[in-house]
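Add 996 to a position in the sequence shown, counting from 1, and you land on the number used in my numbering. Below is one structure, written out as structure tokens, with a few remarks after it.
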Amino acid sequence: MSWILIGIGILGTFAAPAGSLEGFIYTTIPIRFQLRGYLEIVPQAMLLSSLLCYWVEHPKRWLSWTLGVFYVIIVALPILGGLAQKR
């Protein structure tokens, strides 16, 4: 699951950002700088997929609540940031 996430979500993204397949071709950023981002992105994708696989294989009530609370926080923070007035 993590390799599908990395392949489709990171390498084959819709735009041409640094680190994607099109980014390697069309951006002027050197490839070694683009690959440096993979040190952060790949472990995050693997941790997310392993956590979700564990959750599916061993459904526990505390884990469902914990992931649900994290989801609500992650969704609420950008909404609250967008609603905040700039002064």
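Glycine residues also receive a C-beta, built at the ideal position from the N, C-alpha and C atoms. In this text the structure is predicted, and so the values were computed from the model without any measurement.
Just checking my contact of Gln-1030 with Ala-1041 at CB under 8 Å: how many whole Å lie between their CB atoms? Not confirmed; about 16 Å, so no contact.
Supposed contact pair Ser-1016 and Ser-1045 - C-beta distance, whole angstroms, cut 8 Å: That pair is no contact at about 19 Å.
With DSSP as the reference, label Ala-1072 as helix, strand or coil. Note: Ala-1072 maps to helix in three-state DSSP.
What is the rounded straight-line gap between the Cα of Ala-1080 and the Cα of Ala-1072? 12 Å
Could you have a look at Ala-1041 and say whether DSSP puts it in helix, strand or coil? For Ala-1041, the three-state secondary structure derived from DSSP is helix.
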